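Peer 1: Taking this note's numbering, I'd label the letters of the sequence shown as residues 17 to 437. Here it is, the structure in full.
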Amino acid sequence: MTTLSTPRNTTRVILAGLIGNVMEWYDFAVYGYFATVIGRLFFPSSNPTASLIGAFGAFAAGFLVRPLGGLLFGRIGDRVGRRKALQLSVMAMAIPTVLMGLLPTHRQIGIAAPIIVVLLRLIQGVSVGGEYTSSVIFLTERAPDRKRGVFAIWGLWGSVAGMLLGSGIGDLLAHTLSAEQLEQWGWRIPFLFGALVALTGVLLRHGIGSDGVESTSEAPVRETFGRYRLQVLRVMALNIGSSVGYYAAFVYAVSYLEDIDHFSQSSSLSLNTSVMVVLLVLFPIAAWLSDRIGRKPMLITGASLLCFGALPFFGLLHSGDPQQVWRGELGLTLAVALLAGGKNPANVELMPAAVRCTGLAVAFNVAEGYFGGTTPLIATWLIATTGNPLLPGAWVAASGLITLITIAGFTRETAFRPIKA
17 MTTLSTPRNT TRVILAGLIG NVMEWYDFAV YGYFATVIGR LFFPSSNPTA SLIGAFGAFA
77 AGFLVRPLGG LLFGRIGDRV GRRKALQLSV MAMAIPTVLM GLLPTHRQIG IAAPIIVVLL
137 RLIQGVSVGG EYTSSVIFLT ERAPDRKRGV FAIWGLWGSV AGMLLGSGIG DLLAHTLSAE
197 QLEQWGWRIP FLFGALVALT GVLLRHGIGS DGVESTSEAP VRETFGRYRL QVLRVMALNI
257 GSSVGYYAAF VYAVSYLEDI DHFSQSSSLS LNTSVMVVLL VLFPIAAWLS DRIGRKPMLI
317 TGASLLCFGA LPFFGLLHSG DPQQVWRGEL GLTLAVALLA GGKNPANVEL MPAAVRCTGL
377 AVAFNVAEGY FGGTTPLIAT WLIATTGNPL LPGAWVAASG LITLITIAGF TRETAFRPIK
437 A
């Protein structure tokens, strides 16, 4: 563990750790929030649901290749250093975001438009595959032992801040532009603005101190899938609940409110923005509690709330009453916050130092890509197939059950043990 000798060094480490997550989730949030517009422009169909499924299908494609990016950047982190992985990932993330803002639509270039959208999402998925894991490892390994939860949460805090930034810009555009302007050119603005976020990340990560990592592996990929495969499976299952809950509450919910409950786009974005502000406040509190009472109590409570509360929460989302909808979103938000407070440091603490970047990258990106990232697509398909607007809640509840069983039966407490770097 690297000692943080001054408050200035501590601030620099935290900012360097979180900025890439701001960039990553800003992009995904903007895409998710404008999925309805993107569906009409790039995946046109006489059936609006088919267009939305096309847009979310491209969104999901980026997540399906995230484990490959995780392997790439995890190998860099374990063999070359956490710092190098962080510096490369933030530079690579900016390109697909900016190109998305410049891309001609289906009307202009035909079938090439949706193909390029999918390719950009694939590139984005690879480039961000190691971002969260590299940053949370970087932060946790540099933290004092009894503050690992508080340090680790800033990586995820950056993710939500990026989503909030994307939501806020989308909300601003929805309130200042007409629906016609938004569809003609306004949706491009948030993607082009991503270049500024990326530049900030490059500057912050330039010149950060050495890693201070003692344990490395010459063959981290082979060891991850051989000697440490059970640890990888456990951490993957630990992350499934929070990943699915996160995407249900903060990406899919916007389209759900617009398409199922017929809320206006501006109303949906405003509501989503308000609960994300609540989440940003809850994150440090949950992390502080996990340092005091342990990871397992936080994880068990959050997973139980998700498992047994998801269906009632979706019932509130479908009520049509803005106050009840907000309560439903708040319930999902609380579950995600409790899970985050425990899982962020536990992800690092449960992984052996020599393969920590590779192992966590695989575990997290499988959970995030194959479960969390596909949630909007699965939820849309469930409703289109069955006509039941509450079924997405069953998918969220099942994910919470997987995490609950993993934590209660197969995971030790790690909060009060030293961590090897």
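Where is the CB? At the ideal position from N, CA and C, for every residue including glycine. Just so it is clear, the structure is predicted and the values come from calculations on it, not from any experiment.
Looking only at its chain, what residues have a beta carbon closer than 6 Å to the beta carbon of Gly93, apart from the 5 residues adjacent to it on each side?
Peer 2: In the sequence shown, the residue the question calls residue 93 occupies position 77. Here the set comprises Ala101, Ser150 and Cys373.
Peer 1: Quick one: grab the DSSP three-state call for Leu354.
Peer 2: Translated into positions along the sequence shown, residue 354 becomes position 338. It is helical.
Peer 1: Quick check on Pro408: buried or exposed, where buried means 16 or more other Cβ atoms within 10 Å of its Cβ?
Peer 2: Within the sequence shown, residue 408 is the residue found at index 392, counting from 1. Buried.
Peer 1: Buried or exposed: where does Ser21 fall if 16 or more other Cβ atoms within 10 Å of its Cβ makes it buried?
Peer 2: Position 5 of the sequence shown, counted from the start, is the residue given in the question as residue 21. Since pLDDT at Ser21 reaches only 46, below the 50 mark, its modelled position is unreliable, and the value read off the structure follows with that caveat. Flag for Ser21 reads exposed.
Peer 1: Considering Thr192, what are the terminal residues of the alpha helix (DSSP H) in which it resides?
Peer 2: Position 176 of the sequence shown, counted from the start, is the residue given in the question as residue 192. Here the alpha helix (DSSP H) through Thr192 covers Arg164 to Thr192.
Peer 1: Are the beta-carbon atoms belonging to Gly389 and Phe79 less than 7 Å from one another?
Peer 2: In the sequence shown, residue 389 corresponds to position 373, counting from 1. In the sequence shown, residue 79 corresponds to position 63, counting from 1. For Gly389 and Phe79, yes; Cβs fall inside 7 Å.
Peer 1: With burial defined as no fewer than 16 other Cβ atoms inside 10 Å of the residue's Cβ, what is the status of Thr192: buried or exposed?
Peer 2: By one-based count along the sequence shown, residue 192 stands at place 176. It is exposed - the Cβ of Thr192 has fewer than 16 other Cβ atoms within 10 Å.
Peer 1: Nearest to Trp173 by alpha carbon, out of Ile35, Gly347 and Ala319?
Peer 2: Here residue 173 refers to the residue found at position 157 of the sequence shown. Answer by Cα proximity: Ile35.
Peer 1: Are at least three pairs of beta-carbons, each pair with one atom in the stretch 250-264 and one in the stretch 412-426, less than 8 Å apart?
Peer 2: At 8 Å Cβ cutoff, the stretches touch.
Peer 1: Going along the chain, which residues of its own chain have a beta-carbon closer than 7 Å to the beta-carbon of Phe426, five neighbours each way excluded?
Peer 2: As a position in the sequence shown, residue 426 is number 410, starting the count at 1. If we look at Phe426 and ignore the five residues flanking it on each side, its Cβ neighbours are Arg250.
Peer 1: So, using beta-carbon positions, are Tyr262 and Val352 closer together than 7 Å?
Peer 2: Along the sequence shown, one-based indexing puts residue 262 at 246. Along the sequence shown, one-based indexing puts residue 352 at 336. Going by C-beta atoms, Tyr262 is nearer than 7 Å to Val352.
Peer 1: Would you list, in sequence order, the uninterrupted alpha helix (DSSP H) runs of no fewer than 4 residues that lie entirely inside the stretch 306-352?
Peer 2: Runs of the alpha helix (DSSP H) inside the stretch 306-352: 311-333.
Peer 1: Where does His278 sit, in a helix, a strand or coil, going by DSSP?
Peer 2: Locating residue 278 in the sequence shown gives position 262, counting from the first residue. Note: His278 maps to coil in three-state DSSP.
Peer 1: In chain order, what residues of the same chain have a beta carbon less than 7 Å from the beta carbon of Ile132, not counting five sequence neighbours either side?
Peer 2: The count along the sequence shown starts at 1 and reaches residue 132 at position 116. Here the set comprises Leu119.
Peer 1: According to DSSP, is Tyr244 part of a helix, a strand, or is it coil?
Peer 2: Locating residue 244 in the sequence shown gives position 228, counting from the first residue. Reduced to three states, the DSSP call for Tyr244 is coil.
Peer 1: How far does the alpha helix (DSSP H) with Val106 in it extend, from its first residue to its last?
Peer 2: Mapped onto the sequence shown, residue 106 falls at position 90. Its alpha helix (DSSP H) spans residues Arg98 to Leu118.
Peer 1: Where Leu198 and Thr402 are concerned, what is the direct C-alpha to C-alpha distance, given to the nearest angstrom?
Peer 2: Here residue 198 corresponds to residue number 182 of the sequence shown, with the count starting at 1. Here residue 402 corresponds to residue number 386 of the sequence shown, with the count starting at 1. Each residue's alpha carbon lies about 32 Å from the other.
Peer 1: Is it true that the stretch 284-300 meets the stretch 180-192, where meeting means three or more beta-carbon pairs spaced less than 8 Å apart?
Peer 2: The stretch 284-300 is in contact with the stretch 180-192.
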